[in-house]
Each structure stands twice: as structure tokens, then as C-alpha cells.
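Chemist:
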Amino acid sequence: MNNKLVLVLNCGSSSLKFAVINADNGGEIMSGLAECFNLPDARIKWKIAEKKKSTSLHPYSAHSAAISFIVEEIIKKEAGLAEQFVAVGHRIVHGGEKFTESVIIDDHVLEGIEQCSSLAPLHNPAHVLGIKAAQSAFPALTQVAVFDTAFHQTMPAKAFMYALPYNLYKEAHVRRYGMHGTSHLFVTDQAAKALNKAVSDTNIISAHLGNGASVAAIKKGKCVDTSMGMTPLAGLVMGTRCGDLDPSIIEYLVTRQGYSLKGVMDMLQKQSGLLGVSGISSDFRNILEEHDKGNARATLAMEMFIYRLTKYIASYAVPLGHIDAIVFTGGIGENSHLVRSKVLELLTIFGYQVDSEKNKAAILGNQGIITAAGSPIAMVIPTNEEWVIAQDSAKLVSNQ
Ligand code: ADP
78 MNNKLVLVLN CGSSSLKFAV INADNGGEIM SGLAECFNLP DARIKWKIAE
128 KKKSTSLHPY SAHSAAISFI VEEIIKKEAG LAEQFVAVGH RIVHGGEKFT
178 ESVIIDDHVL EGIEQCSSLA PLHNPAHVLG IKAAQSAFPA LTQVAVFDTA
228 FHQTMPAKAF MYALPYNLYK EAHVRRYGMH GTSHLFVTDQ AAKALNKAVS
278 DTNIISAHLG NGASVAAIKK GKCVDTSMGM TPLAGLVMGT RCGDLDPSII
328 EYLVTRQGYS LKGVMDMLQK QSGLLGVSGI SSDFRNILEE HDKGNARATL
378 AMEMFIYRLT KYIASYAVPL GHIDAIVFTG GIGENSHLVR SKVLELLTIF
428 GYQVDSEKNK AAILGNQGII TAAGSPIAMV IPTNEEWVIA QDSAKLVSNQ
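With the sequence shown counted from 1, adding 77 to any position gets you the working numbering.
#1: Please find out if some non-hydrogen atom of the ligand ADP comes closer than 7 Å to the beta-carbon of ASP360.
#2: Sort PRO198, PRO233 and PRO202 by Cα distance to PRO396 and report the nearest one.
#3: Classify ARG362 as buried or exposed, calling it buried when 16 or more other Cβ atoms lie within 10 Å of its own Cβ.
#4: At what residue ranges does the region 214-246 contain a whole run of the beta strand (DSSP E), taking only runs of 3 or more?
#5: Just tell me which of LEU187, SER283 and THR425 has its CA closest to the CA of ASP266.
#6: Just list the residues that DSSP pairs ASN99 with in beta bridges.
#7: Within the continuous alpha helix (DSSP H) that includes MET342, where are the two ends?
#8: Using C-beta distances below 8 Å, list every residue in its chain close to MET78, excluding the 5 sequence neighbours before and after it, in chain order.
#9: Residues in its own chain within less than 8 Å of LEU310 by CB, not counting five upstream and five downstream?
#10: With a 10 Å radius around its C-beta and 16 neighbouring C-beta atoms as the bar for buried, classify VAL312 as buried or exposed.
#11: Here's a check: name, in chain order, each residue in its chain whose Cβ is nearer than 8 Å to the Cβ of SER90, leaving out the five neighbours to either side.
#12: Cα-Cα, which of ASN461, TYR429 and SER470 is closest to LEU451?
#13: So what does DSSP say about SER475, is it helix, strand or coil?
#14: Could you tell me the distance, in whole angstroms, from the CA atom of ASP302 to the CA atom of PHE176?
#15: Tell me the rounded alpha-carbon separation between ASN476 and VAL205.
#16: Cα-Cα, which of ALA210, ILE281, ASP101 and GLU105 is closest to MET456?
#17: To the nearest angstrom, how far is it from the Cα of ALA471 to the Cα of ILE151?
#18: Pull the bridge partners of LYS122 from the DSSP assignment, please.
#19: Helix, strand or coil: how does DSSP classify ASN363 here?
#20: Measure the alpha-carbon distance for HIS112 versus SER141 and round it to whole angstroms.
#21: Give me the Cα-Cα distance between VAL170 and ASN273, rounded to the nearest whole angstrom.
#22: Nearest to TRP123 by CA position, among ILE106, LEU262 and TYR137, is which residue?
#23: Can you tell me where the alpha helix (DSSP H) holding PHE146 begins and where it ends?
#24: Quick check: the Cα distance between THR259 and ASN87, rounded to an integer number of angstroms?
#25: Answer yes or no: the CB of GLY287 versus the heavy atoms of the ligand ADP, is any distance below 7 Å?
#26: Let me check one thing: in DSSP terms, what residues is CYS300 bridge-paired to?
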């Protein structure tokens, strides 16, 4: 059997994304989403070779029932694949300072992931449930953890520390960790290839712009700064998350405006960002549609998104000194030529000049340079986090 297939799992608290990936070439054999866990209408949808299917799961199903269904009904019965897996790769949101790279999961690692739950209370407990369910579904297969935070562990203290009393870092682990590490890592490798440079000699600014969004400064292939913080709430304007904000606003809302702390945190995570400002949607396509129709708040939300993003990009000239390329990725980065051209216009002071044809052509999974000849380089690289997870998993298994 030559195919190195990896089952990639991304377990959330109420849903589970899964994909079967060929670790050698990133090819996706199948993918799907189980959702509405612990609710009467728990369900699952999946896609094999462009054929889409969906069905209900037993009411109130959660991780374990969903994984059993995926293994028994989809992988074994429908796809006939179970014999070919080399590993199960788990996307883990938070690895704290414990995990600086992907690891094979044993009891000690599982305990470490559980210990990081206080830093990602919505995600890590769900990952642990998913790992345990996958371990019982595939007792003979190696399970691997791939951390969103790991790529950012190379940041120097001056970038990851908050200007708070030092013991908060030492005793309570309060620091910047960063997220989307697998995506930033993937585009770094791809950018180095496209630029024909060694990764260890490549400086890029990577902008991962999806529902969640973050920018990373990558020097000689290693992360030296990033916009997300201790949690994914910091940094850019996102779909529903506020990004950076004056911390006193929280106190003001609680003590003067009658909000509960939970209410404020909920608002900052789920009702802010593009949705909060526009009052329309967290989805960038809807914001663009409304902007085209002349909706002033949609335009404001879009402009805030672009302005803050560009300020972050410009500020990363400081740690990098020399920038080989700005890389756009994620749903917005890969598809919105408008966002890219507006960001690069704001960066004219650095000499960036968009090639509007190339910029418009870089959509729907097309990779390419979008700047004119003679301009510093900006490019679009479609991300593929699942492939990184599959590659790391297969590599760790073959080194065992
Ligand atoms: P997630 O963070 O959920 O993985 P994605 O990377 O899929 O998100 O990105 C989702 C975002 O990409 C949404 O805001 C969506 O509107 C935006 N997007 C997708 N296609 C386009 C497009 N053609 N133009 C602008 N935005 C787009």
C-alpha cells in the first residue's frame, strides 16, 4: 500500500470537521462535518469525490457517536478505506508553552492538552473528547496532535510578553501565544518554494484572513510576532470578534452600562467585528455586497478591517527589516482582490504596486504573485492546514 492516508480531525465543542488526506500530495479523499452535538438534530454531512451526502445522527449524539459513524458508515462501508490509514491527526488549538511542535499522543501528552484547557476552555476539552473517541475507534493507529500555537513558540519575549506584572506570566501563563500556526507555517513553506529560497532564508508577513484572522511576521522561516494574543480574540477585526481594544472598555461596560462580565465577553467574541460594526453579517461576501449597494456601515466595517490589517502588516517591517513577500491566505485573503488591492494601496510608502489583472486572477484556489514588476512582492497562497496535519502525522509515524 503506497498511499499515506491520514484521518484529520478538528473537534470543536459542538461540531467535528474531518478529512481523509493523502500526506504525500495533500490530496483530499473525503471530508465532512458533524454538527449540532448534544442537540436533538445532531447531523452529519460529507463529500467523497465531489459526491455530497448528509444524514441525521442519533438525537443528542456527540464526539464518540459521530466518530463511530464516520469510521463504520463512511470510511469503512462507503469508502472502503480503513486499512490504509497511517495515523489520525488532531488539530489542537492551544498547546501553551508545553508544545512547540507536533507530537505523538500518549497519556502524558493528553494530560498536557488537558492542562492547557484553561487557556482555551471552549476548544481543548473538546479536543480531548475527540482524541479519546478516536483512540477507541482506531486502537491500533498512532494519534498525533498538531498545535495551532506551536509555530508561534519561536517569538522572542519582547514580542510575546504583555506589559503586566511579570509574575502573571510566570505563575498564570499570561502571554501572547498566537493562533493559525499551521496555516502560517504552510504558507511560509509555499512562499519559500515560490520565491526559490530556502525557508531558513525567507522573511514574509503572512495574513490569514478567514472568519478568524491573524497576521504573523516570519523571519528566516520562524515566527517572530503575531497579532493574536493569549486567546484568539486579539488583533485584527474579525467576523464576529473585536480584535484589539482598550481593556478599560470592559470595566466601563460592566460598572457603568449594566453588562455582566459574561455578557461582555460573549459580545466581544460573537457579536463584534464585521457583524457588530455593520449590523449585517460576519461574512465578508455579504459586507462587500452591501458596500456595493452603498450601505455606509458595511463600508465602515470593511474599511476598519482593511485599515487595522494594514497597520499590522506595516508594523511587522520592524521585526523583519527586509520583507521578501506579503502573503494573503484564508477565505478573504484568497478571494477578495478588493481587500488585497486596498491593503497594498495603503502600503504605497513601501513601494507596493498591484498588478490588477494578476490580482483579479488570484481567486478560487489560484496561487500567484499579485504585484507589478519592480514592486516588492505580494502573493496569494491558498492555505492547507489539513495537509500540514497529515504530513506531520505521517512523518512522526515513520520516525517511530
Ligand atoms: P474559517 O475561518 O471559518 O476557516 P474561511 O477561511 O473559510 O473561514 O473564510 C471565510 C471568510 O472568507 C468569510 O468571511 C467569507 O465571506 C470570505 N470569503 C469567501 N469567499 C470570498 C470572496 N469571493 N470574496 C470575499 N470574501 C470571501
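Glycine included, C-beta positions come from ideal geometry on N, C-alpha and C. None of the values given here were measured: they were computed from a predicted structure.
Modeler: Let me spell this out:
#1: Indexing the sequence shown from 1 puts residue 360 at position 283. Yes - the ligand ADP has a heavy atom lying nearer than 7 Å to the Cβ of ASP360.
#2: Taking the first residue of the sequence shown as 1, we reach residue 396 at position 319. Comparing Cα positions, the closest option is PRO233.
#3: Position 285 of the sequence shown holds residue 362. ARG362 is exposed by the Cβ-count criterion.
#4: Every unbroken stretch of the beta strand (DSSP E) spanning 3 or more residues and falling wholly within the region 214-246 is given here in chain order: 219-224.
#5: By one-based count along the sequence shown, residue 266 stands at place 189. Nearest of LEU187, SER283 and THR425 to ASP266, Cα basis: SER283.
#6: Here residue 99 refers to the residue found at position 22 when the sequence shown is read from its first residue. In the DSSP output, where bridge partners are listed per residue, ASN99 has LEU82.
#7: On the sequence shown, position 265 is the one that residue 342 refers to. Annotation: the continuous alpha helix (DSSP H) that includes MET342 extends over 338-347.
#8: Taking the first residue of the sequence shown as 1, we reach residue 78 at position 1. The predicted position of MET78 is uncertain, since its pLDDT is 48 and thus under 50; a value taken from the coordinates is nonetheless stated next. GLU160 and GLN161, listed in sequence order.
#9: In the sequence shown, counting from the first residue as 1, residue 310 sits at position 233. ARG318, CYS319, GLY320, LEU345 and GLN346.
#10: Start at 1 with the first residue of the sequence shown, and residue 312 comes out as number 235. Note on identity: in this sequence residue 312 is Gly, with Val being the wrong assignment. Buried, because 16 or more other Cβ atoms sit within 10 Å of the Cβ of GLY312.
#11: The residue you call residue 90 lines up with position 13 of the sequence shown. Taken in chain order, the residues that qualify are PHE114, LEU199, HIS200, PRO202 and ALA203.
#12: Here the question's residue 451 lines up with position 374 in the sequence shown. Note that residue 451 is Gly in the sequence shown, not Leu. The residue with the shortest Cα to Cα distance from GLY451 is TYR429.
#13: Here residue 475 refers to the residue found at position 398 of the sequence shown. Helix at SER475.
#14: Translated into the one-based positions of the sequence shown, residue 302 becomes position 225. Translated into the one-based positions of the sequence shown, residue 176 becomes position 99. Roughly 18 Å between the two C-alpha positions.
#15: As a first step, residue 476 must be located in the sequence shown, where it is residue number 399. As a first step, residue 205 must be located in the sequence shown, where it is residue number 128. Cα to Cα, the separation comes out at about 24 Å.
#16: Counted from its first residue, the sequence shown places residue 456 at position 379. Looking at the Cα atoms, ILE281 is the closest of the given residues.
#17: Looking up residue 471 in the sequence shown gives position 394. Looking up residue 151 in the sequence shown gives position 74. Approximately 22 Å, taken between the alpha carbons.
#18: Position 45 of the sequence shown holds residue 122. The partner list for LYS122 (beta bridge, DSSP) reads LEU110 and SER131.
#19: Reading the sequence shown from its first residue, position 286 is the one you call residue 363. Looking at ASN363 - three-state DSSP - the assignment turns out to be helix.
#20: Position 35 of the sequence shown, counted from the first residue, corresponds to residue 112. Position 64 of the sequence shown, counted from the first residue, corresponds to residue 141. In the sequence on display, residue 112 carries Glu and not His. One C-alpha to the other measures close to 12 Å.
#21: The residue you call residue 170 lines up with position 93 of the sequence shown. The residue you call residue 273 lines up with position 196 of the sequence shown. C-alpha separation (whole angstroms): 31 Å.
#22: Position 46 of the sequence shown, counted from the first residue, corresponds to residue 123. The residue with the shortest Cα to Cα distance from TRP123 is ILE106.
#23: Stepping through the sequence shown from its first residue, residue 146 is reached at position 69. Counting along the chain, the alpha helix (DSSP H) containing PHE146 begins and ends at 140-146.
#24: To locate residue 259, count along the sequence shown from 1; it is residue 182. To locate residue 87, count along the sequence shown from 1; it is residue 10. Roughly 13 Å between the two C-alpha positions.
#25: Counted from its first residue, the sequence shown places residue 287 at position 210. Flag set: Cβ of GLY287 near the ligand ADP.
#26: Locating residue 300 in the sequence shown gives position 223, where the first residue counts as 1. Beta-bridge pairing links CYS300 to ILE295.
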